[in-house]
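The following block contains the structure:
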């Protein structure tokens, strides 16, 4: 029977080999898909577990709306089952990545501790104002290594130091396994478009932490997502939940104490300021009284000054009237003087004309006088020479006249000679007079 069945099967396969191969291929493909589906989940879980373990991904995350202090961090570290605690500060901002603004989640990190990012390009930030961003091409856009982005100052709980941050690397972060969604925010369109890691120096040291990341003892020995892993984590989470009220009350009391300290300091400053204000008010009142006394004295001086001013004004008015009268008189004198000057100018012009005429007459008279004098002197010299040649002088003529008169003889010739001598003397006198007249005219001109 088995042999016959085997023979029948063989004959059937040979009779429809193509159909047999098709059915066998379909069955093999189905088995392959089934085996792949059965192995996909364990392989993915193993890959995720390895990735999370290598990057030290946190097991629990504690967030406080009031913030976490160092005391809170130490309290969390003291919880049974907690292996390590890493506090962090995170804030959402509108960052200027390229030419436009985008919503970004800025977080501080500590190298070598939890949630370590994988550097794809560049390096991790080491100094202030350095940062790394998502390596996803769609998220990094046109940003390149060495480029600067602008992060604003923040004051909503934590204080991020705003300014220009240099991009020193691009990373894949275990905190953000899905590049399509980095979380939600109250800024912009409500979606976090980019994450940014900075050093702790980018935040104020006295700011509270916004969250704390914890690892559970023994959790790494279980695969992530398994029931054993979840059980180990849930047990620690339950202990933390039980101590949450005490942590919250501790944090609240700490905030109250800080606020009370600030209130006490403010009240002390207020009292001090009030006392200083009272002292200043007393000093001001004294100064005010002194000022009022000075004002009264100054008012008296002002009244005296007003009287002096009025008297001076009256004197000024009288002086002005007198000055105006004197000015009018002086103006009249100036007008008269100007008339005299004009008249003198006219007379000067007339005198100038007379001078020119007199000068011309003088020059003409001088020429005539010179000619007449020359003729006279020539005649005189000839006449005197003739007399001298005859030995006749004035004294001899007078003696001859006297002798002739004594003898009763005629003296006609002698008289004629004496008359001629007298005419010559008279002519010389007239010439001298004319010479003096011409000289006087010349000096007056």
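Numbering (this note's numbering), first residue to last: 99 to 543. For every residue, glycine included, the Cβ atom is placed at its ideal position computed from N, Cα and C. Bear in mind the structure is a predicted one, so any value in this text is a computation, not a measurement.
- Within the model, the alpha-carbon separation for residue 291 versus residue 242 is close to 17 Å.
- Boundaries of the beta strand (DSSP E) harbouring residue 248: 246-249, taken from the DSSP string.
- Leaving aside the five residues that flank residue 161 on each side, the residues in its chain whose CB is nearer than 6 Å to its CB run, in chain order, 309.
- In the three-state reduction of the DSSP assignment, residue 115 falls in the helix class.
- DSSP places residue 286 outside both helix and strand once states are collapsed to three, so it counts as coil.
- Comparing alpha carbon positions, the residue from 526, 245, 446 closest to residue 468 is 526.
- The Cβ-Cβ distance between residue 272 and residue 127 does not fall below 9 Å.
- By DSSP's assignment, residue 219 forms a beta bridge with 268.
- In the structure shown, residue 281 falls within a coil segment according to DSSP collapsed to helix, strand and coil.
- By the neighbour-count definition (other C-beta atoms within 10 Å, threshold 16), residue 307 is a buried residue.
- Going by beta carbons, residue 334 and residue 171 fall outside the 9 Å limit.
- Inclusion of residue 228 and residue 196 in the CB contact set at 9 Å is not warranted, their separation being larger than that value.
- Judged by their CB atoms, residue 268 and residue 220 are nearer to each other than the 9 Å cut-off.
- Here the C-alpha atom of residue 117 lies approximately 8 Å from the C-alpha atom of residue 111.
- Looking only at 190, 289, 445, 278, the smallest Cα-Cα distance to residue 236 is reached by 278.
- Assignment of residue 193 by DSSP, reduced to helix, strand and coil, places it in the strand class.
- A Cβ-Cβ separation of about 6 Å places residue 218 in contact with residue 270 under the 8 Å criterion.
- Counting only runs of 3+ residues, the beta strand (DSSP E) found wholly inside the stretch 291-336 occupies 292-296, 307-314, in chain order.
- The beta carbon of residue 251 sits closer than 6 Å to the beta carbons of 260 from its chain, once the five residues preceding and following it are set aside; these are given in chain order.
- Judged by pairs of C-beta atoms under 8 Å, the stretch 202-210 touches the stretch 186-193, as three or more such pairs exist.
- Collapsing the DSSP output to three states places residue 415 in a helix.
- Of the residues assessed, residue 238 falls on the buried side of the cut-off, its CB having 16 or more other CB atoms within 10 angstroms.
- Residue 245 and residue 222 have their alpha carbons spaced roughly 15 Å apart.
- Comparing C-alpha distances from residue 356 to each of 416, 167, 211, 135 shows the shortest one belongs to 167.
- Here DSSP, grouped into helix, strand and coil, assigns residue 226 to coil.
- In this structure, the alpha-carbon of residue 386 lies about 23 Å from that of residue 370.
- Residue range 168-175 is occupied by the alpha helix (DSSP H) that includes residue 168.
- Under the 10 Å beta carbon count, residue 472 is surrounded by fewer than 16 other beta carbons and is classified as exposed.
- Annotated three-state conformation of residue 371 is helix, per DSSP.
- For residue 181, the three-state secondary structure derived from DSSP is strand.
- Take residue 297, set aside five residues on each side of it, and the residues of its chain with a beta-carbon closer than 6 Å to its own are 223, in chain order.
- If you look at residue 238, you'll find it in the alpha helix (DSSP H) that goes 235-238.
- In the DSSP assignment, residue 199 falls within the unbroken beta strand (DSSP E) covering 199-206.
- Taking C-alpha positions only, residue 131 is separated from residue 122 by approximately 14 Å.
- Under DSSP, residue 231 forms a beta bridge with 268, 294.
- Spatial neighbours of residue 255 in its own chain (CB-CB distance under 8 Å, excluding positions within 5 residues in sequence) are listed in chain order as 165, 189, 305, 306, 308.
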